[in-house]
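Read the structure below first, then the notes.
2 protein chains.
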Amino acid sequence: MDGKGAGFLETIRALTFDVFGTVVDWRGSILTEGQRLGAARGIHIDWAQFADAWRSGYRPSMDAVRRGDSPWVNLDVLHRRLLDDLLVRFGVQGLSEDDRVELNRVWHRLQPWPDAVEGLQRLKRRYTIATLSNGHVALLTNMAKSAGLPWDCVLSAELARHYKPDVEVYQTAANLLDLEPRQVMMVAAHESDLQAARRVGFRTAFVYRPLEFGPTGQPDLPGVSQADVNADDFLHLASQLGA
Amino acid sequence: MDGKGAGFLETIRALTFDVFGTVVDWRGSILTEGQRLGAARGIHIDWAQFADAWRSGYRPSMDAVRRGDSPWVNLDVLHRRLLDDLLVRFGVQGLSEDDRVELNRVWHRLQPWPDAVEGLQRLKRRYTIATLSNGHVALLTNMAKSAGLPWDCVLSAELARHYKPDVEVYQTAANLLDLEPRQVMMVAAHESDLQAARRVGFRTAFVYRPLEFGPTGQPDLPGVSQADVNADDFLHLASQLGA
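Respectively, the protein sequence lines represent chains L and B.
To get my numbering, take the position in the first sequence, counting from 1, and add 13.
To get my numbering, take the position in the second sequence, counting from 1, and add 13.
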């Protein structure tokens, strides 16, 4: 806790969570579902590479919305555009429209990291816990049902019609929670997200997710973060936050 | 089910719930908290009358917002204006500012009808269950925590910056759930709410709450409603909806 003392913790009323990578393992989930679909349809590609490519298109496509080059569209639309391109690039043939819709919705069914549900249940006893994701409300709601994530409420970039790290996303969340920014702590595995939240006045917690980008990926490292709290997982976070 | 057949039920994906009166007993909760506060502060008034008066100011104050006579303000603000007037009208003296803030927040702590939590838990297994209340997101989130209401997501008039029965509230909810109106069923103890939802294309379920306005009050009656489903409580609703 970097010696910030008990007063700091007493101020926090709500925790807002980045979701993709912080709460759920997008890469492992897409890999598993892709391999299953591949086995069923005779598609032989490297699904880990496919997952990485899909994810890497995500930031540029949101940035086009953030710059105003594209009107607001939700992640299903952005993911689908990327998916159609990727299927061509990877030479995948024989997927019906229904197959594509279903594959695109893998983002609604991502699996939580092993510590996530138990950690959230503990944190929920003491704090309001909410999503604060670039995923839209419907996606996050479906994911919560399938993964058993016990959110108190589902907040999203969609409610601000801006994507993170635009400050409007964090400001809208604090307004909807009817809290001052200093009463809210952003939890993420990504320093850029925490930096933006900090700029608005949120407290921040970094959670290290070493496998987000796979065994050879390069996730953000704990030492780099200027967060108020650094945690190895959600159980460690709960312990540090007195929950 | 009025002979509408199984196809009708198969279409429904989400249930949106009116909250005040439908899920929680605002009158009984205010009565209980008021009497407790009265005993502690030596205030001898008829708290049932007080609760009824508070609630009866609610619709006119929202209608001022709906007509555009007042800018958007949330229910805490509307409730507080009404409360300050009522304390004068009932001749209540000696309440500190903290007392008033605390009393005003009784709306965040309303108690559920006895069948509500169990009914919602059953309904949640088959459907997405969401609030769709004139209460703001923070109020509904706090209430869910204190009353144990297991919402999948918290939707509110606040997200449309319109109060029910403005159609924008229902349209915004369907958009956020990424569903067509016919895939959503509005659940309420108030026919006016259901009428507005029906106009937008929602399915509707009427739940009879005979004691909402107290033992001599005049709640909406089941026979009057043109809802697709009529239920005596949330358990009866769950049974009719196959949950």
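In this text, a Cβ means the ideal position worked out from N, Cα and C, and glycines have one as well.
Handout entry: Coarse secondary structure for B:Leu133, derived from DSSP in three states
Key = Counted from its first residue, the second sequence places residue 133 of chain B at position 120. It is helical.
Handout entry: Beta-carbon neighbours of L:Leu190, restricted to chain B and to distances below 8 Å
Key = Residue numbering aside, residue 190 of chain L sits at position 177 when the first sequence is read from its first letter. Near L:Leu190 (Cβ distances below 8 Å), the residues of chain B are Val150, Ala151, Thr154.
Handout entry: Cα-Cα separation between L:Met14 and L:Arg216, rounded to whole angstroms
Key = Residue 14 of chain L sits at position 1 when you count from the first residue of the first sequence. Residue 216 of chain L sits at position 203 when you count from the first residue of the first sequence. Legend: pLDDT at L:Met14 = 45, less than 50; position of this residue unreliable, no value from coordinates given.
Practice task
Note down, in chain order, each residue of its chain lying with its Cβ closer than 8 Å to the Cβ of B:Ala143, except the 5 sequence neighbours on either side.
Solution key: Residue numbering aside, residue 143 of chain B sits at position 130 when the second sequence is read from its first letter. Cβ neighbours of B:Ala143 within its own chain (closer than 8 Å, five residues either side excluded): Ala27, Leu28, Thr29, Phe30, Trp164, Asp165, Cys166, Val167, Leu168, Ala186, Leu190.
Practice task
Leaving out five residues on either side along the sequence, give the residues of the same chain with a beta carbon under 8 Å from the beta carbon of B:Ser42.
Solution key: Reading the second sequence from its first residue, position 29 is the one you call residue 42 of chain B. For B:Ser42, where only same-chain residues beyond five positions count, the Cβ hits under 8 Å are Val119, Arg122, Leu123, Gln124.
Handout entry: Neighbour flag for L:Lys158 against chain B, beta carbons, 7 Å
Key = Within the first sequence, numbered from 1, the residue matching residue 158 of chain L stands at position 145. Yes - at least one Cβ of chain B is within 7 Å of the one on L:Lys158.
Problem - Residue of B:His92, B:Ile25, B:Leu50, B:Gly81 minimising C-alpha distance to B:Gly7 - result: It is not possible to answer for residue 7 of chain B, since the shown part of chain B is limited to 14 through 256.
Exercise for the section: Indicate whether at least one CB of chain B lies closer than 7 Å to the CB of L:Val37. Expected result: Counted from its first residue, the first sequence places residue 37 of chain L at position 24. It does not; no Cβ of chain B falls within 7 Å.
Handout entry: According to DSSP, residues forming a beta bridge with L:Thr141
Key = Position 128 of the first sequence, counted from the first residue, corresponds to residue 141 of chain L. L:Thr141 is bridged to L:Ala27.
Practice task
Step through the CB atoms of chain B and report whether any lies within less than 7 Å of the CB of L:Asp165.
Solution key: Counting from 1 along the first sequence, the entry for residue 165 of chain L is found at position 152. The beta-carbon of L:Asp165 is placed less than 7 Å from the nearest beta-carbon of chain B.
Practice task
Identify whether B:Val105 lies in helix, strand or coil by the three-state DSSP scheme.
Solution key: For the purposes of this step, residue 105 of chain B is taken as residue 92 along the second sequence, with counting starting at 1. Reduced to three states, the DSSP call for B:Val105 is coil.
Exercise for the section: Could you give the DSSP three-state label for B:Phe226: helix, strand or coil? Expected result: For the purposes of this step, residue 226 of chain B is taken as the residue at position 213 of the second sequence. B:Phe226 falls in the coil class under three-state DSSP.
Problem - Proximity below 7 Å, CB of L:Leu95 to CB of L:Trp67 - result: Within the first sequence, numbered from 1, the residue matching residue 95 of chain L stands at position 82. Within the first sequence, numbered from 1, the residue matching residue 67 of chain L stands at position 54. In contact: L:Leu95 and L:Trp67 (Cβ atoms closer than 7 Å).
Exercise for the section: Please confirm if the stretch 85-104 of chain L is in contact with the stretch 199-217 of chain L, defined as three or more CB-CB distances below 8 Å between the two stretches. Expected result: The answer is no - the stretch 199-217 of chain L does not touch the stretch 85-104 of chain L, with fewer than three Cβ pairs under 8 Å.
Exercise for the section: Kindly indicate the opening and closing residues of the alpha helix (DSSP H) around L:Leu172. Expected result: Counted from its first residue, the first sequence places residue 172 of chain L at position 159. Counting along the chain, L:Leu172 falls outside any alpha helix (DSSP H), and DSSP gives it neither H nor E.
Handout entry: Listed by chain order, chain L residues near B:Leu91 by CB distance under 9 Å
Key = The residue labelled residue 91 of chain B in the question sits at position 78 within the second sequence. Near B:Leu91 there are no residues of chain L at all, since even the closest Cβ is about 14 Å away, more than 9 Å.
Exercise for the section: Would you mind giving the Cβ-Cβ distance between B:Asn1 and B:Tyr176, rounded to the nearest angstrom? I have them listed as a contact below 8 Å. Expected result: Missing from the structure shown is residue 1 of chain B; chain B here goes from 14 to 256 and no further.
Practice task
Would you kindly check if the distance between the Cβ of B:Arg79 and the Cβ of B:Asp233 is under 7 Å?
Solution key: As a first step, residue 233 of chain B must be located in the second sequence, where it is residue number 220. As a first step, residue 79 of chain B must be located in the second sequence, where it is residue number 66. Contact flag unset, no.
Handout entry: B:Gly16 versus B:Gly214 - alpha carbon distance
Key = Locating residue 16 of chain B in the second sequence gives position 3, where the first residue counts as 1. Locating residue 214 of chain B in the second sequence gives position 201, where the first residue counts as 1. Summary for B:Gly16: the model assigns pLDDT 43, below 50, so the residue's position carries little reliability, and this model does not support an answer.
Practice task
Could you name the residues that DSSP lists as bridge partners for L:Ser146?
Solution key: Here residue 146 of chain L refers to the residue found at position 133 of the first sequence. Bridge partners of L:Ser146: L:Ser169.
Exercise for the section: Note down the Cα distance separating B:Ala240 from B:Ile25, rounded to an integer number of angstroms. Expected result: Counted from its first residue, the second sequence places residue 240 of chain B at position 227. Counted from its first residue, the second sequence places residue 25 of chain B at position 12. Going by the C-alpha atoms only, they are around 14 Å apart.
Exercise for the section: With DSSP collapsed to three states, give me the class of B:Arg216. Expected result: Here the question's residue 216 of chain B lines up with position 203 in the second sequence. Annotated three-state conformation of B:Arg216 is strand, per DSSP.
Exercise for the section: Select from B:Ala77, B:Tyr71, B:Ile56 the residue whose C-alpha is nearest the C-alpha of B:Gly104. Expected result: Locating residue 104 of chain B in the second sequence gives position 91, counting from the first residue. In terms of CA proximity to B:Gly104, B:Ile56 leads the group B:Ala77, B:Tyr71, B:Ile56.
Practice task
Give the DSSP-derived three-state secondary structure of L:Val36 in the structure shown.
Solution key: On the first sequence, position 23 is the one that residue 36 of chain L refers to. The answer is coil: DSSP assigns L:Val36 none of H, G, I, E or B.
Handout entry: Close-in-space but distant-in-sequence residues of the same chain around B:Arg259 (CB under 6 Å, 5 per side omitted)
Key = Nothing about residue 259 of chain B can be read from this structure; chain B reaches only from 14 to 256.
Practice task
Counting only the same chain and skipping the five closest in sequence on each side, list residues whose C-beta sits under 6 Å from that of L:Ala157.
Solution key: Translated into the one-based positions of the first sequence, residue 157 of chain L becomes position 144. Same-chain partners within the cutoff: Trp164.
Practice task
Can you have a look at L:Gly236 and say buried or exposed, based on whether 16 or more other CB atoms are within 10 angstroms of its CB?
Solution key: Your numbering for residue 236 of chain L matches position 223 in the first sequence. Counting Cβ neighbours within 10 Å, L:Gly236 comes out exposed, since fewer than 16 surround it.
Exercise for the section: Give the residues of chain L in contact with B:Leu9, contact being defined as C-beta atoms less than 7 Å apart. Expected result: Any property of residue 9 of chain B remains undetermined from this structure, which presents chain B solely from 14 to 256.
Practice task
Report the rounded CA-to-CA distance for B:Ala256 versus B:Arg138, giving the unit in angstroms.
Solution key: As a working note, residue 256 of chain B is residue 243 in the second sequence. As a working note, residue 138 of chain B is residue 125 in the second sequence. Distance between the alpha carbons of B:Ala256 and B:Arg138: 7 Å.
Exercise for the section: Run the CB neighbour count on L:Val114, radius 10 Å, all protein chains shown included, and call it buried at 16 or more, exposed below. Expected result: Against the first sequence, residue 114 of chain L aligns to sequence position 101. Looking at its Cβ environment, which holds fewer than 16 other Cβ atoms inside 10 Å, L:Val114 is exposed.
Handout entry: Whole-Å CB distance - B:Leu248 paired with B:Gly161, under 8 Å assumed
Key = Stepping through the second sequence from its first residue, residue 248 of chain B is reached at position 235. Stepping through the second sequence from its first residue, residue 161 of chain B is reached at position 148. With a Cβ gap of about 16 Å, B:Leu248 and B:Gly161 do not count as contacting.
Problem - Chain-ordered chain L contacts of B:Thr24 [CB-CB under 8 Å] - result: Taking the first residue of the second sequence as position 1, residue 24 of chain B is located at position 11. Near B:Thr24 there are no residues of chain L at all, since even the closest Cβ is about 17 Å away, more than 8 Å.
Practice task
Find the residues of chain L that neighbour B:Thr29, judging by a C-beta separation of less than 8 Å, and give them in chain order.
Solution key: Reading the second sequence from its first residue, position 16 is the one you call residue 29 of chain B. Within chain L, no residue comes near B:Thr29; the closest Cβ sits about 12 Å away, beyond 8 Å.
Exercise for the section: Would you grab the beta carbon distance between B:Asn243 and B:Phe219 for me? Rounded to a whole angstrom, and I think it's under 8 Å. Expected result: Along the second sequence, one-based indexing puts residue 243 of chain B at 230. Along the second sequence, one-based indexing puts residue 219 of chain B at 206. Contact between B:Asn243 and B:Phe219 holds, since their C-beta atoms are separated by about 5 Å, short of 8 Å.
Practice task
For the stretch 53-116 of chain L, list the alpha helix (DSSP H) runs that are entirely contained and at least 4 residues long, ordered along the chain.
Solution key: Listed in chain order, they are 60-69, 71-80, 88-102.
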